[in-house]
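Below is one structure, written out as structure tokens, with a few remarks after it.
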Amino acid sequence: MIDSKSTMPIMLITGTSKGIGEYLANYYLNMGFIVVGCSRNTCKIEKDNYIHFIADIANENEILNIFRIIRKDYKRLDVLINNAAINPAILNVAFLPYETIQKIFRVNVFAPIMFCREAIKLMGRNKFGRIINIGSMATRHEVAGEALYTSTKASINAFTRVLSKEVINSGITVNVLAPSVIETDLSKAINQDALFEVLNRNAVKKYGDLIDISNSIDYILREESKSVTGQIIYLGGA
Amino acid sequence: MATKKEIIEIIFKSIEEINQQNDTPIAKDINIKLFGKESELDSLGLVNLITSIEEGIEELTGNYIPIADERAFSMESSPFKTVETLAIYIEILLND
Numbered sequence: 000m001i002d003s004k005s006t007m008p009i010m011l012i013t014g015t016s017k018g019i020g021e022y023l024a025n026y027y028l029n030m031g032f033i034v035v036g037c038s039r040n041t042c043k044i045e046k047d048n049y050i051h052f053i054a055d056i057a058n059e060n061e062i063l064n065i066f067r068i069i070r071k072d073y074k075r076l077d078v079l080i081n082n083a084a085i086n087p088a089i090l091n092v093a094f095l096p097y098e099t100i101q102k103i104f105r106v107n108v109f110a111p112i113m114f115c116r117e118a119i120k121l122m123g124r125n126k127f128g129r130i131i132n133i134g135s136m137a138t139r140h141e142v143a144g145e146a147l148y149t150s151t152k153a154s155i156n157a158f159t160r161v162l163s164k165e166v167i168n169s170g171i172t173v174n175v176l177a178p179s180v181i182e183t184d185l186s187k188a189i190n191q192d193a194l195f196e197v198l199n200r201n202a203v204k205k206y207g208d209l210i211d212i213s214n215s216i217d218y219i220l221r222e223e224s225k226s227v228t229g230q231i232i233y234l235g236g237a
Numbered sequence: 000m001a002t003k004k005e006i007i008e009i010i011f012k013s014i015e016e017i018n019q020q021n022d023t024p025i026a027k028d029i030n031i032k033l034f035g036k037e038s039e040l041d042s043l044g045l046v047n048l049i050t051s052i053e054e055g056i057e058e059l060t061g062n063y064i065p066i067a068d069e070r071a072f073s074m075e076s077s078p079f080k081t082v083e084t085l086a087i088y089i090e091i092l093l094n095d
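If you're matching them up, the sequences are chains A and B in order. Mapping of the first sequence onto numbering that gives the first Met the number 0: position 187 corresponds to residue 186, and the numbering continues sequentially without gaps. Mapping of the second sequence onto numbering that gives the first Met the number 0: position 95 corresponds to residue 94, and the numbering continues sequentially without gaps.
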């Protein structure tokens, strides 16, 4: 996995205090990665090769600080997983407060773009990099009441496809991985009837497993997957 | 704080660094074109150069200053045009 020249690959994951981010951090720590994680809160992971930042990723300076440390301590970055996202309560567009619109775009769109911007600078120098932006099946199903969340994820899909063309000559691939519904705090906060109604539109009509996500990421990370880029990979057959 | 001479030295050091990765090296000349049609660098080469310069400036001053900021792209004449214009722009950033 990864370039054979890198004995301890460096991976940055956003949103590692719980759910998919926490799972991926533990999974890749066990695979021999140095994992740099961040979240708004403290993190339960206590392993030698894990470095945690308490950061508000809606704030550019806090993102720059994470990269400043990575640059200083490791001088490179092999993998970025943009996982952190928020999904405020389902609301009809007619009732969306402007502050909510700004907040979700800051975390779900502006922050991943900033993380990508800084990551490609580090990855480009080693002519290798893998960026995985976590997407959502919401962009496939376009559910009423989810306009805001869906539009942020659709934005990341478009951003990913364009970025992939800009960085491929630097050995960097950029993909979106859109999991099916995984039981996390984020999914529990959603109306369960609506959730299952949406899940029923998938080929696989049940909750996804976390291993589905790490399995797909393992494939993207392989050296041989160098031409797998600009893809939106939907799990569960969305 | 850094002098224009120190900034140019950092830029030349960064050019040396990216020349090691590129098949067609660019000259360490203050008039060399970095941006635009006559540029010796492609867009990724420019990204790598700017990144390396930002690191050099951080090492020298202790401060990380993003060079490709909003002001740089809104200026009538691009500060990335040549090594000299870039050095002048970085000097302005450092004096802000």
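C-beta: ideal position from N, C-alpha, C; glycine also.
Boundaries of the beta strand (DSSP E) in which residue i is found, first to last residue
{"i": "M113(A)", "result": "Looking at the DSSP string, M113(A) is not in any beta strand (DSSP E); the run it does join, the alpha helix (DSSP H), is 110-125."}
{"i": "Y49(A)", "result": "49-53"}
{"i": "N81(A)", "result": "78-81"}
For residue i: DSSP bridge partner residues
{"i": "K32(B)", "result": "T81(B)"}
{"i": "Y253(A)", "result": "This structure does not reach residue 253(A), given that chain A is present from 0 up to 237, and the question cannot be answered."}
{"i": "G36(A)", "result": "I12(A), H51(A)"}
Exposure of residue i, with buried meaning 16 or more beta-carbon neighbours within 10 Å
{"i": "V92(A)", "result": "exposed"}
{"i": "E70(B)", "result": "A quick correction: the sequence has Arg, not Glu, at residue 70(B). With fewer than 16 other Cβ atoms within 10 Å, it is exposed."}
{"i": "E24(B)", "result": "Per the sequence presented here, residue 24(B) reads as Pro, with Glu not at that position. By the neighbour-count rule (16 or more Cβ atoms within 10 Å), P24(B) is not buried but exposed."}
{"i": "G44(B)", "result": "buried"}
{"i": "R124(A)", "result": "buried"}
{"i": "R139(A)", "result": "buried"}
{"i": "N47(B)", "result": "buried"}
{"i": "Y22(A)", "result": "buried"}
{"i": "G18(A)", "result": "buried"}
{"i": "P78(B)", "result": "buried"}
{"i": "T6(A)", "result": "exposed"}
{"i": "T228(A)", "result": "buried"}
{"i": "M0(B)", "result": "exposed"}
{"i": "E145(A)", "result": "buried"}
{"i": "N168(A)", "result": "exposed"}
{"i": "R221(A)", "result": "exposed"}
{"i": "F114(A)", "result": "buried"}
{"i": "P111(A)", "result": "buried"}
{"i": "T41(A)", "result": "exposed"}
{"i": "Y233(A)", "result": "buried"}
{"i": "G61(B)", "result": "exposed"}
{"i": "Y88(B)", "result": "buried"}
{"i": "A157(A)", "result": "exposed"}
{"i": "N94(B)", "result": "exposed"}
{"i": "L63(A)", "result": "exposed"}
{"i": "T2(B)", "result": "exposed"}
{"i": "Y49(A)", "result": "buried"}
Same chain only: Cβ atoms within 6 Å of residue i, ignoring 5 sequence neighbours per side
{"i": "V78(A)", "result": "M10, R129"}
{"i": "L121(A)", "result": "R75, L76"}
{"i": "G20(A)", "result": "I12, G14, N82"}
{"i": "S135(A)", "result": "K152, A177"}
{"i": "A52(A)", "result": "Checking the sequence, you will find Phe at residue 52(A) rather than Ala. Counting only Cβ-Cβ distances below 6 Å, and skipping sequence neighbours, we find C37, I65."}
{"i": "Q230(A)", "result": "N174"}
{"i": "V166(A)", "result": "I119"}
{"i": "F32(A)", "result": "P8, M10"}
{"i": "K46(A)", "result": "L28"}
{"i": "K102(B)", "result": "No information on residue 102(B) is available, as it lies outside the stretch 0 to 95 that chain B covers here."}
{"i": "G235(A)", "result": "S179, N201, V203, G207"}
{"i": "A24(A)", "result": "I12, T15, V34, G36, I44"}
{"i": "E250(A)", "result": "Summary: the structure shown does not reach residue 250(A), with chain A confined to residues 0 through 237, and so no result is reported for it."}
Sequence-distant residues of its chain with Cβ nearer than 7 Å to residue i (five each side left out)
{"i": "E196(A)", "result": "none"}
{"i": "L40(B)", "result": "I25, L33, L48"}
{"i": "I97(B)", "result": "This structure does not reach residue 97(B), given that chain B is present from 0 up to 95, and the question cannot be answered."}
{"i": "I31(B)", "result": "I25, E39, T81, V82"}
{"i": "S186(A)", "result": "V180, L194"}
{"i": "A67(B)", "result": "I49"}
Chain-order list of residues whose beta-carbon lies under 8 Å from that of residue i (same chain, five-residue window excluded)
{"i": "V106(A)", "result": "I56, A57, A83, A84, I85"}
{"i": "T149(A)", "result": "S135, A137, T138, E141, V142"}
{"i": "K4(A)", "result": "Reliability of the predicted coordinates at K4(A) is poor, the pLDDT of 42 falling under 50, and the value obtained from them is presented with this limitation in mind. Excluding residues within five positions, none has a Cβ falling inside 8 Å."}
{"i": "K43(A)", "result": "S16, E21"}
{"i": "I89(A)", "result": "G144, E145, I189, N190, A193"}
Endpoints, the alpha helix (DSSP H) within which residue i is located
{"i": "Y63(B)", "result": "Y63(B) -> no alpha helix (DSSP H), and no H or E assigned at all."}
{"i": "L63(A)", "result": "59-72"}
{"i": "E16(B)", "result": "3-18"}
{"i": "R70(B)", "result": "69-73"}
{"i": "S213(A)", "result": "209-220"}
{"i": "F104(A)", "result": "97-104"}
**Prompt:** Whole beta strand (DSSP E) runs in the segment 129-205 of chain A with 3 or more residues, listed along the chain?
**Reply:** At a cut-off of 3 residues, the continuous stretches assigned as beta strand (DSSP E) that sit fully inside the segment 129-205 of chain A are 171-177.
**Item:** beta strand (DSSP E) runs wholly inside the segment 0-34 of chain A, at least 3 long, in chain order
**Value:** List check, beta strand (DSSP E) in window: 9-13.
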